[in-house]
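2 protein chains.
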Amino acid sequence: MINELEKIKDSVLLQDIKVEELSSMLGCLRGVIKHYKKGEEVLSEGAEIKKFGLLTEGKLQIVQYDYLGNKSILSIIEPKQIFAEAYAYVNRLPSMNVEALVDSTVLFLDSDKLSSPCQNCCSFHKQLVKNLLFIISNKNVNLTEKIECMAKRTTKEKLLTFLSLESIKQNSKEIYIQYDRQGLADYLGVERSAMSAELSKLKNEGILEYNKNWFKLLQK
Amino acid sequence: MINELEKIKDSVLLQDIKVEELSSMLGCLRGVIKHYKKGEEVLSEGAEIKKFGLLTEGKLQIVQYDYLGNKSILSIIEPKQIFAEAYAYVNRLPSMNVEALVDSTVLFLDSDKLSSPCQNCCSFHKQLVKNLLFIISNKNVNLTEKIECMAKRTTKEKLLTFLSLESIKQNSKEIYIQYDRQGLADYLGVERSAMSAELSKLKNEGILEYNKNWFKLLQK
DNA sequence: TATAATCCGTTGTTTTTCCAACAAACTTTT
DNA sequence: AAAAGTTTGTTGGAAAAACAACGGATTATA
């Protein structure tokens, strides 16, 4: 257990919590460590979620199957990230599955215990709640921004909306993006090749310059 | 102030908090009441947010201007709802404005104080945090579902994804939706007339029956 | 009840996207 | 440094969506 804590002590969730407090936290939040083999299911669709997970080791995938059975990957969970936290706080059944992409270890924490501090009002609770609110709020803002992009009707507009949001965040007309072309197309919900074509057009029109992950918005 | 509390005492944020505790809560969270005339700006783009709002009276609109200056309405805030809570917990500047659609009254509460209970660990803090986590998590799930619909490539798929999600939520093949046609088209990010045409097609193909707000998914 | 206003479905045209296939550029491996 | 694999840009035809315009139905208003 100590070993696992070592790996996640600088995660966002545990930010600014003293190392000495971590093990008492585990008890308070009913921490449970579970191991999964590659390909195993960590959480399954429709199963009630009372604890959320903090990945200590490995890699997970959040996937969803639509009404036709088509699989789509919602996100990849890397070590130190938490998952399923929103469903833990909402009495709705999740419509997605979590699968282990490689052998993985997860620390599950009781969501109720986190938000309902014990009598002695342990000092770390305050910080944990703050961190969790930050994480969920941040996700919220990110989802809203993604919707802002996807709501545009044309690929060109989706691209420009995405790039100007990045430009604001990076506080510069020159920006570096985290996605490759396929990743960006997936994010915006469009076809990669069509998006590439649209990027070329924007370059020809003198609206944009780019090279690999570097982009520059010209004029206004 | 007492009068304002009366109006919001059964809001989701204040759920399961005793009426006697409400006024001490106001002090603890540095509650501030503000009034706005119709058309006035409640929060403006780029201005740091330290407090989130709880609308006690009136109606607000969250709007956004894109890189071309086009205005789009993100949501309408009705009394008892909170707003700007995600931005209050994230150190990012909001990219939207909040405007009063009619004369309105807002109770602003300090987000820091909410997540950092005072020394005496007032009992309502626990419940407030729980309620807030519920609200934000719920929003999160809703945003994710919207993205699930919008990510589909065709209007037909967007419609069927939306309807089967509703079917699951309402636990029935027969469902009632909250939007009119224009509202649904906006939600899915498509053209109303094209969507109407697609609905007719689905009806002809025997996949769907509908009349106004009532829909029935046939077969699988 | 008449009138106005809004909502909804239909159709034809234009624009945009998807899709598939391929070639060029760049990376990684051997 | 060659070979293999991956990523990105390009193109043309097919499919879908946007757009505009209109008429009928429903709802709200005078």
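Order-wise, the sequence lines are chains S and H. For the first sequence, position 193 (counting from the first letter as 1) is numbered 312 according to the numbering used here, and the numbering increases by one without interruption. For the second sequence, position 171 (counting from the first letter as 1) is numbered 290 according to the numbering used here, and the numbering increases by one without interruption. Ideal Cβ positions, reconstructed from N, Cα and C, are used throughout, including at glycine. As the structure is a computational prediction, the values presented were derived from the model and not from experiment.
Residue i to residue j span [Cα, whole Å]
i: K199/H; j: E317/S; result: 44 Å
i: I287/S; j: S143/S; result: 41 Å
i: T263/S; j: L262/H; result: 7 Å
i: R149/H; j: F243/S; result: 23 Å
i: L251/H; j: Y329/S; result: 42 Å
i: L297/H; j: L278/H; result: In the sequence as presented, Leu is not what sits at residue 297/H; that position holds Gln. Taking the straight line from one Cα to the other gives about 14 Å.
i: D129/H; j: L327/H; result: 39 Å
i: H154/H; j: E123/H; result: 11 Å
i: Y186/S; j: F281/H; result: 10 Å
i: S312/H; j: I254/S; result: 39 Å
i: L307/S; j: M314/S; result: 9 Å
i: D305/S; j: L132/H; result: 36 Å
i: D229/H; j: M269/S; result: 33 Å
i: K126/S; j: K331/S; result: 33 Å
i: L220/S; j: R300/S; result: 23 Å
i: T175/H; j: V248/S; result: 26 Å
i: E160/H; j: A203/H; result: 14 Å
i: V209/S; j: E197/H; result: 21 Å
i: S235/H; j: K178/H; result: 30 Å
i: I266/S; j: G188/H; result: 17 Å
i: N290/S; j: N323/S; result: 25 Å
i: S319/H; j: L303/S; result: 33 Å
i: L145/H; j: L145/S; result: 33 Å
Where residue i sits in the DSSP three-state scheme
i: Q183/S; result: strand
i: K153/H; result: strand
i: K128/H; result: coil
i: K169/S; result: coil
i: T175/H; result: strand
i: N332/S; result: coil
i: L327/S; result: strand
i: E160/H; result: strand
i: I136/H; result: coil
i: E123/H; result: helix
i: G308/H; result: coil
i: T273/S; result: coil
i: L345/H; result: Nothing about residue 345/H can be read from this structure; chain H reaches only from 120 to 339.
i: L141/H; result: helix
i: L353/S; result: Shown here, chain S extends from 120 to 339; a query on residue 353/S therefore has no answer.
Contacting residues, own chain, Cβ-Cβ under 6 Å from residue i (five flanking each side not counted)
i: I294/S; result: E285, S286, F334
i: Q183/S; result: S191, L193, M215
i: L212/H; result: G165
i: E140/H; result: F243
Own chain residues within Cβ distance below 8 Å of residue i, not counting five before or after
i: S283/S; result: L336
i: Q134/H; result: Q246, N250
i: I121/H; result: S142
i: Q338/H; result: G325, I326
i: K156/H; result: A219, D222
i: K292/H; result: S286, K335, L336, L337
i: S256/S; result: none
Distance between beta carbons of residue j and residue i, contact taken as under 8 Å
i: I201/H; j: G172/H; result: 6 Å
i: I168/H; j: Q180/H; result: About 17 Å; that fails the 8 Å criterion.
i: K258/S; j: N259/H; result: 6 Å
i: K275/H; j: L321/H; result: 7 Å
i: A205/S; j: K170/S; result: That pair is no contact at about 13 Å.
Residue i: CB within 8 Å of a non-hydrogen atom of the ligand GTP
i: I127/S; result: In terms of ligand content, the structure shown is empty, and the ligand GTP therefore cannot be addressed.
Spatial neighbours of residue i in its chain, beta-carbon cut-off 7 Å, leaving aside the 5 residues before and after
i: I152/H; result: M120, E123, T224, L226
i: S163/H; result: N216
i: V309/H; result: T274, K277
**Report entry** Entirely enclosed alpha helix (DSSP H) segments - the region 185 to 271 of chain S, minimum 4 residues
**Finding:** 204 to 207, 230 to 234, 242 to 269
Query - Start-end ranges of the beta strand (DSSP E) lying completely within the region 277 to 301 of chain H, minimum 3 residues - result: 293 to 295
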